[in-house]
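Asker:
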Amino acid sequence: MFKKTEAFNWIPHHSTPHTFPHYAGKILLPHEIPPEHIEELTKTSVLTRVPSIIKKQCRRCGNQKPHLFGHLPHAKCQQDCLYCRNCIQMGRVIECEPLYIGSPECFWPAWENALAWAGELTPSQQQAADEIADLVKTGSGEKLVWAVCGAGKTEMLFPGIALGLAEGKRVCLATPRIDVVRELFPRLQRAFPAIEVQALHGESEKTGDGQLIIATTHQLLRFAHAFDVIVIDEVDAFPFHNDPSLHFAAKRAGKPDAARIYLTATPRNQEKRRIRSKQLPVVFIPKRFHGHPLPVPKLTLSFNLSRYLKKNELPAAILNLIKKPRDRQLLIFLSSISLTSGLRGFLASKGVVTEQVHAGDEDRKEKVERFRNKEIDILLTTTILERGVTFPSVDVFVIDAGHEVFDEAALVQIAGRAGRSPDDPKGDVIFFHSGKTNAMLDAYDLIRKMNRLGQKQ
Amino acid sequence: MRCFICHQEIIPEVNWANVWKIDAKQTCCSECLSLFENINPGCPKCGRPSVEEICFDCVRWGRDKEDPLEKNISLFRYNDFAKDWVARWKYRGDYELIYSIAPQVKKVWREAGWNYSVVAVPLSEERLSERGFNQSEALIRTLDKEPLHLLERQGSEKQSKKRRTERMAAANPFKLKKTIHQPVVLVDDIYTTGTTVRHIATLLKENGCPKVYSFTLFR
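First to last, the protein sequences are chains A and B. Going by my numbering, the first residue of the first sequence is number -8, and it counts up by one from there. Going by my numbering, the first residue of the second sequence is number 2, and it counts up by one from there.
1. Using a 10 Å radius around the Cβ and a threshold of 16 neighbouring Cβ atoms, would you call Y117(B) buried or exposed?
2. Within the chosen definition, does the stretch 192 to 199 of chain A reach the stretch 400 to 412 of chain A through at least 3 CB pairs nearer than 8 angstroms?
3. Tell me, to the nearest whole angstrom, how far the beta carbon of R51(A) is from that of C78(A); I am working on the premise that it is less than 8 angstroms.
4. If you measure beta-carbon to beta-carbon, which residues of the stretch 36 to 66 of chain B are closer than 8 angstroms to chain A?
5. Comparing C-alpha positions only, which one of V213(B), Q136(B), L76(B), V198(B) sits nearest to E220(B)?
6. Quick one: using the 10 Å Cβ neighbour count with 16 as the cut-off for buried, is P25(A) buried or exposed?
7. In the DSSP assignment, what are the bridge partners of G93(A)?
8. At a Cβ cut of 8 angstroms, what residues of the stretch 112 to 131 of chain B count as close to chain A, listed as they run along the chain?
9. Quick one: grab the DSSP three-state call for C72(A).
10. For T166(B), which residues does DSSP report across the bridge?
11. Leaving out five residues on either side along the sequence, give the residues of the same chain with a beta carbon under 8 angstroms from the beta carbon of R78(B).
12. Can you pull out the residues from the stretch 412 to 424 of chain A whose beta carbon lies closer than 7 angstroms to at least one beta carbon of chain B?
13. Return the chain-ordered list of same chain residues with a C-beta closer than 6 angstroms to the C-beta of C33(B), the five sequence neighbours on each side being excluded.
14. If you follow the beta strand (DSSP E) that G245(A) is in, where does it begin and where does it stop?
15. Using the C-alpha atoms, what's the distance from F280(A) back to T113(A)?
16. Using a C-beta cutoff of 8 angstroms, does G94(B) count as contacting chain A?
17. At 9 angstroms on the CB atoms, spell out the chain A contacts of F82(B), in chain order.
18. For W90(B), which option in K178(B), W110(B), F134(B) has the closest C-alpha, if you only look at C-alpha atoms?
19. Let me confirm a value: S94(A) is counted as buried when at least 16 other C-beta atoms fall within 10 Å, else exposed. Which label applies?
20. Using a Cβ-Cβ distance under 8 angstroms, would I79(A) count as near chain B?
21. Does DSSP put I85(A) in a helix, in a strand, or in coil?
22. Would F450(A) and R243(A) be called neighbours here (beta carbons separated by less than 8 angstroms)?
23. Between the stretch 12 to 27 of chain B and chain A, which residues of the former have a C-beta closer than 7 angstroms to a C-beta of the latter?
24. Since L149(B) contacts L177(B) with CB under 8 angstroms, what's their CB separation in whole angstroms?
25. Tell me the rounded alpha-carbon separation between G94(B) and C72(A).
26. Where do the N-terminal and C-terminal ends of the alpha helix (DSSP H) with Y435(A) fall, by residue?
27. Are the beta-carbon atoms belonging to V37(A) and F60(A) less than 8 angstroms from one another?
28. Take the Cβ of K(-5)(A) as the centre, count every other Cβ of all protein chains shown within 10 Å, and call the residue buried at 16 or more, exposed below.
29. List the residues of chain A that R3(B) touches, going by C-beta distances under 7 angstroms, in chain order.
30. So, with DSSP's three-state summary, where would you put K(-6)(A)?
31. Exposed or buried, G195(B), counting other C-beta atoms within 10 Å across all chains shown (16 or more means buried)?
32. At a CB-CB cut-off below 8 angstroms, which residues of chain B make contact with G336(A)?
33. Going by the beta-carbon positions, is the gap between F218(A) and A182(A) smaller than 8 angstroms?
34. Compare the Cα-Cα distances from P8(A) to each of K47(A), P64(A), C97(A), A400(A) and report the closest residue.
35. Using a Cβ cut-off of 8 angstroms (strictly closer), state whether F(-7)(A) contacts chain B.
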């Protein structure tokens, strides 16, 4: 998953365990530590002081790009000091101040039989779960779990996590998206009721001193060699897959001998290459947990689509399909935020009541909840809802599927929103386009291939 | 060239006006710049947006005694985008973020035509060591001016944590170190209730300064 350029040998190796979980495996700025404790904690090597910016690289986020460094006429030093602009949102890393690394060796309890989840795994889920558990036991290795949308990835992790906790290990489940953290947190807490599961994201107040943590990948920037087991969900998702500092953080957050598990439904080329060259062990689950095949998208040509969209209108053929009475709810994916509001107005003028969500929407959580409770029939959305969210019974339309925001991974994920429930394993998936793109064809081929492989099993 | 806010590459638009000479260095992409809201015309005295006459607050300031402040000019409305901008610049300490709007700051300053000495608003020792820089001095440096250090600050309570009535009732946290007998401009990042600038203006005027203006980024 990661290039072997950074060995992290500046992170100290410790052997004496301590009792400060809120410092364990953490990277801290000087002002994040009570000043009266710094000396004592450094002396007992609970904390180790390291330079913060070395060879034009920020040690916290790994940033090396010159344009992401800035100069500050520092009042304290009376001279220009270099600081990192890449991770400024987590507090300023400046070259004249050190970073403190907390020793990861902390007393974590061993939890016998922590798993309260009583569900049953399908044979293919069980196989993946066994392989994950094996890796947790041995440590020092990677595994990619390539499972179709709706295969039940979270449940496959439970036995492995339980095993890690039974051995007194520290476990982190990280995902690029805050919505996924919010959705998985209660499920994880229900599965492990005896343990206080911590959810870490930009808006949470937690300090990150838990043994079982679910976090956004951004939060991993606060950790160094902290976890024995690190699971990264949706490795192909934005912003993880194209942000080198998140890869840097994910690599550093695990101990050198950590078990690393990556989950995806749509591996990117980088991972595919490593799978082909046998560098990355993979376990493959081409079947959904309910055993039904994935809904195959229908590619529908719509002439002059972009001309209609420019005017915030829809061709009559698509409008009629939206208006058609249906048994399921309808999720419509659009390429931009302005289009969601534009088309909402257009549909309202045609007597179709809809709601819209996008990344900047403050009421996003609440609207998604209302859609789930079937208080909304039709939801217009950007790619923000492409993954991680589950609605039991929906049809899915993608309008202008040829747009560049809809790459292969996005389209596969979007198609994967339909037919999630065993009660209604089908759903119409229609890509409206004004010319097929490679992304659409690749997504179509991948879904069909998965269904073929699933049937064989 | 990259945007100092979102780090995106800026590709300058070439037209017949600039085909021979590319524009001066751009520091902010058009998308980010469009998220700032200009104030026009605003209150002629304090620049409060979406009014055209002297606003209620300014009337109040001058009701019992003469308003110590001559006039305030602000660049942009203090909207959500500006709040995030200020949080990143001042509280997170991303000093170079000021470069993003430096051309706009200079333009508005030129248009104001204030040829007076520029006075910095001091920070308490504690805040200064926390942030690493004084936002008022950073702004003055953006204007290619030398700040005058006439004041010092006692106590370190944050204005932004208080409400209007609390701010106005609070004792003047500033102390004059040096007097001045020419008109001056105070430079600061935000004009919220105008209490800070009026605290300083009162001090300056009581000690011989004829006129006090203020120049702020956000209103």
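All C-beta atoms, glycine included, are put in the ideal place defined by N, C-alpha and C. It should be emphasised that the depicted structure is a prediction, and the values quoted were computed from it without experimental measurement.
Answerer: Taking the structure as given:
1. exposed
2. no
3. 5 angstroms
4. none
5. Note that residue 220(B) corresponds to Arg in the displayed sequence, not to Glu. When only C-alpha atoms are compared, the closest one is L76(B).
6. Counting the other CB atoms within 10 Å of its CB gives P25(A) a total below 16, which places it among the exposed residues.
7. In DSSP, G93(A) forms a bridge with L38(A).
8. L129, S130, E131
9. strand
10. According to DSSP, T166(B) bridges with nothing at all.
11. F37, E38, N39, I40, P50, F219, R220
12. none
13. C4, I6, C7
14. 245 to 255
15. 6 angstroms
16. yes
17. Per Cβ cutoff of 9 angstroms: no residues; F82(B) is ~11 angstroms from chain A at best.
18. Of K178(B), W110(B), F134(B), the residue nearest in Cα terms is F134(B).
19. Taking all protein chains in view, the Cβ of S94(A) is crowded by 16 or more other Cβ atoms within 10 Å, so the residue is classified as buried.
20. yes
21. Of the three classes helix, strand and coil, the one that applies to I85(A) here is strand, per DSSP.
22. Residue 450(A) lies beyond the stretch modelled for chain A, which goes from -8 to 448, so this question has no answer here.
23. none
24. Separation of the CB atoms of L149(B) and L177(B) is rounded to 12 angstroms, and the pair is thereby denied contact status at 8 angstroms.
25. Distance between the alpha carbons of G94(B) and C72(A) is about 12 angstroms.
26. 429 to 447
27. no
28. With a pLDDT of 48 at K(-5)(A), under the threshold of 50, the modelled position of that residue is not reliable, and the figure given next carries that caveat. Its Cβ having fewer than 16 others within 10 Å, K(-5)(A) is exposed.
29. H58
30. In this predicted model, K(-6)(A) has a pLDDT of only 47, less than 50, meaning its place in the structure is not dependable; the value taken from the coordinates is given anyway. Three-state result, K(-6)(A): coil.
31. buried
32. Ordered by position in chain B, no residue passes the 8 angstroms Cβ test against G336(A), which lies about 21 angstroms from the chain.
33. no
34. C97(A)
35. Unreliable placement is indicated for F(-7)(A), whose pLDDT of 45 sits below 50; no coordinate value is reported for it.
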